[in-house]
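>
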Amino acid sequence: MSASDAALSRAQDQVRRAVDDETARPSIAGFFDEATNTVSYVVHDPESSEAAIIDSVLDFEAASGRTSHGSADLVVEYVNTKKLKVNWLIETHAHADHISAAPYLQERVGGKLAIGKDIIRVQEVFGKLFNAGTDFERDGSQFDHLFEDGEKFALGKLEGIALHVPGHTPADMAFIIGDAAFVGDTIFMPDFGTARADFPGGDAGQLFRSIRRLLSLPDETRLFLCHDYKAPGRDDYAWETTVKQQREGNVHVKDGVTEAEFVEMRTSRDKTLAMPTLIMPSVQVNIRGGRLPDPEDNGVSYIKIPVNAV
Ligand SMILES: [Fe+2]
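Numbering (our numbering), first residue to last: 1 to 310.
As structure tokens, this is what we get:
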């Protein structure tokens with residue numbers, strides 16, 4: 001059995017144990033940011049109150065270059081009200097549509113900042129694009145921990161496992177805690193489909209294989225998505241679904257769709273999509289673990305825009 005198959009099999013076993021045992025399942029709160037269609041999560045073990053914050057959002061107004069903390073403060077308030085002990089500040093990937101609030105949250109509630117280990121490849125690509133100097137380390141050292149495929153972690157008594165699910169970007173990870181999988185930008189609600197695969201380092205075939213890997217978790221696995229954009233005929237935002245619902249009804253990847261069909265659909269659809277409004281600030285800040293580029297000699301941080309380079 002390959003290391004990747006062994007990791008998946010451990011994840012399947014973990015979910016089955018949590019499906020059978022209520023005390024092995026996490027409590028989950030989702031925080032939806034309508035400006036970027038992003039869902040942040042606070043996941044915790046009800047018994048020990050140990051928690052992880054996944055994919056937080058720093059509010060950023062592109063026109064003025066101003067940051068603010070309304071979204072992050074809602075998370076802080078929740079953590080404080082529930083008296084949670086934050087172990088982890090996890091990013092499923094280097095987001096291209098919003099800036100992470102992880103450093104802001106770390107100052108207030110603690111926790112180790114973590115992302116997938118292939119962030120190093122993303123740092124290489126975007127370090128070049130933004131002509132970052134030698135002071136920008138491309139070794140993932142801006143994060144406290146780099147997760148590997150199949151790596152186990154814990155929230156109190158709850159079991160967790162990280163799975164590498166590349167395709168949207170080379171470094172995407174899914175984090176499975178008890179029976180809940182935080183799948184980042186892989187799959188979206190069944191009526192909306194899947195994440196795009198046309199960013200630098202993206203690969204539609206790889207995305208398909210990553211999604212099928214997630215959909216081989218048990219039917220009952222709860223899937224929590226990083227984004228929702230509604231869908232034609234649906235008026236409310238939604239971000240929780242199950243493996244069973246996805247296999248039966250996902251408009252892009254339900255059972256029976258082949259990799260070739262998916263790649264054809266994904267590639268032609270991606271050609272019609274505009275770049276996210278906040279891609280330039282988001283990527284520059286998120287590859288630095290959510291920290292702004294070092295201030296210049298006047299004390300101000302600047303975000304660059306590469307002209308005619310993307
Ligand atoms: Fe993304």
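In this text, a Cβ means the ideal position worked out from N, Cα and C, and glycines have one as well.
Quick caveat, the model's predicted, so the values are computed rather than measured.
1. Kindly identify the DSSP beta-bridge partner or partners of A51.
2. Helix, strand or coil for L105? Go by DSSP, reduced to three states.
3. Helix, strand or coil for G184? Go by DSSP, reduced to three states.
4. Measuring from each Cβ to the nearest heavy atom of ligand 1, keep the ones under 5 Å and list them in chain order.
5. In three-state terms, what does DSSP make of S68?
6. If I follow the unbroken alpha helix (DSSP H) through E248, where does it start and stop?
7. Could you tell me the alpha carbon to alpha carbon distance between R108 and N308, rounded to whole angstroms?
8. Assuming A174 and V43 form a contact by the criterion Cβ under 8 Å, report the distance between their Cβ atoms to the nearest whole angstrom.
9. Ignore the nearest five residues each way along the sequence and tell me which others in R266's own chain have a CB closer than 6 Å to its CB.
10. Starting from the C-beta of I99, find all residues in its chain whose C-beta is less than 8 Å away, skip the five residues before and the five after it, and write them out in chain order.
11. So the beta strand (DSSP E) M173 belongs to, where does it begin and stop?
12. Could you check the C-alpha separation between S40 and A29 for me, to the nearest Å?
13. Classify Y104: buried if its beta carbon has 16 or more other beta carbons within 10 angstroms, exposed otherwise.
14. Of all the options F136, N87, V125, which has the alpha carbon lying nearest to the alpha carbon of L113?
15. Less than 7 Å between C-beta atoms, sequence neighbours within five positions excluded: which residues of the same chain meet that for P46?
16. With 16 as the cutoff for other CB atoms within 10 Å, does E137 come out buried or exposed?
17. Between the stretch 143-158 and the stretch 114-129, can you find at least three pairs of beta-carbon atoms closer than 8 Å?
18. Let me know the beta strand (DSSP E) ranges lying completely inside the stretch 201-280, each 3 residues or longer, listed in chain order.
19. Alpha carbon to alpha carbon, how far is F182 from A260? Give it in angstroms, no decimals.
20. Between I176 and L155, which are expected to be in contact by the criterion C-beta below 8 Å, what is the C-beta distance as a whole number of angstroms?
21. So, under 8 Å CB-CB, A35 and H69 are touching, yes? Tell me the CB distance rounded to an integer number of Å.
22. Buried or exposed: G65, going by 16 or more other Cβ atoms within 10 Å of its Cβ?
23. Helix, strand or coil, according to DSSP, for T194 in the structure here?
24. Excluding the 5 residues flanking R269 on each side, which residues of the same chain have their C-beta closer than 8 Å to its C-beta?
25. Where does the unbroken beta strand (DSSP E) through L158 begin, and where does it stop?
To lay it out plainly:
1. H44, V86
2. helix
3. coil
4. H95, D185
5. strand
6. 243-249
7. 39 Å
8. The C-beta distance from A174 to V43 rounds to 13 Å, too long to meet the 8 Å contact threshold.
9. A197, A204
10. Here the set comprises V57, L58, F60, T67, L278, P281, S282, V285, N286, G290.
11. 173-177
12. 8 Å
13. buried
14. In terms of CA proximity to L113, N87 leads the group F136, N87, V125.
15. S27
16. exposed
17. yes
18. 222-224, 240-242
19. 26 Å
20. The Cβ separation is near 12 Å, so there is no contact.
21. A35 to H69, Cβ: 13 Å. No contact.
22. exposed
23. Look at T194 here: in three-state DSSP terms it is strand.
24. Apart from the 5 residues on each side of it in sequence, R269 sits with its Cβ closer than 8 Å to the Cβ of R196 in its chain, given in chain order.
25. 158-164
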